[in-house]
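Here's the structure, in structure tokens; my notes come after.
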Amino acid sequence: MPIYEYECKACGHRLEKLQKVSAAALTDCPRCERAELSRLVSAAGFRLAGGGWYETDFKSGQKRNLAGEGGAPPSTSTETGGKTPA
Numbered sequence: 000m001p002i003y004e005y006e007c008k009a010c011g012h013r014l015e016k017l018q019k020v021s022a023a024a025l026t027d028c029p030r031c032e033r034a035e036l037s038r039l040v041s042a043a044g045f046r047l048a049g050g051g052w053y054e055t056d057f058k059s060g061q062k063r064n065l066a067g068e069g070g071a072p073p074s075t076s077t078e079t080g081g082k083t084p085a
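Under numbering that gives the first Met the number 0, the sequence shown has 0 at position 1, and the numbering climbs by one with no breaks.
In structure tokens, the structure reads:
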């Protein structure tokens, strides 16, 4: 369910309300009790992070970072000179 922002045209009070998409918009201001609320347009607040559909479906070539495709470069081994690590 999205969070909608409202502002009262009469008193300037602003509020946020968690509502269903299908729910009717609020009209009455809780502060001044007048039917002057209007819904504001605001930016969506989500972030694409981690693996998932964005990683697998919308990136291509070298930009892909899929698990199990050998994403890490192979490590090079060095001689220890017969010494064992402590």
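C-beta: ideal position from N, C-alpha, C; glycine also.
- Between the alpha carbons of P29 and S21 lies a distance of about 21 Å.
- In the three-state scheme derived from DSSP, where H, G and I count as helix and E and B as strand, C31 is classed as coil.
- H12 and F45 have their C-alpha atoms roughly 26 Å apart.
- In this structure, the alpha-carbon of E15 lies about 12 Å from that of V40.
- Nearest C-alpha to P1 among A42, L17 and T26: L17.
- Around the C-beta of C7, 16 or more other C-beta atoms lie within 10 Å, and the residue is accordingly described as buried.
- If the five residues before and after L25 are omitted, its C-beta is found closer than 7 Å to the C-beta atoms of Y5, K16 and L36, all from its own chain and listed in chain order.
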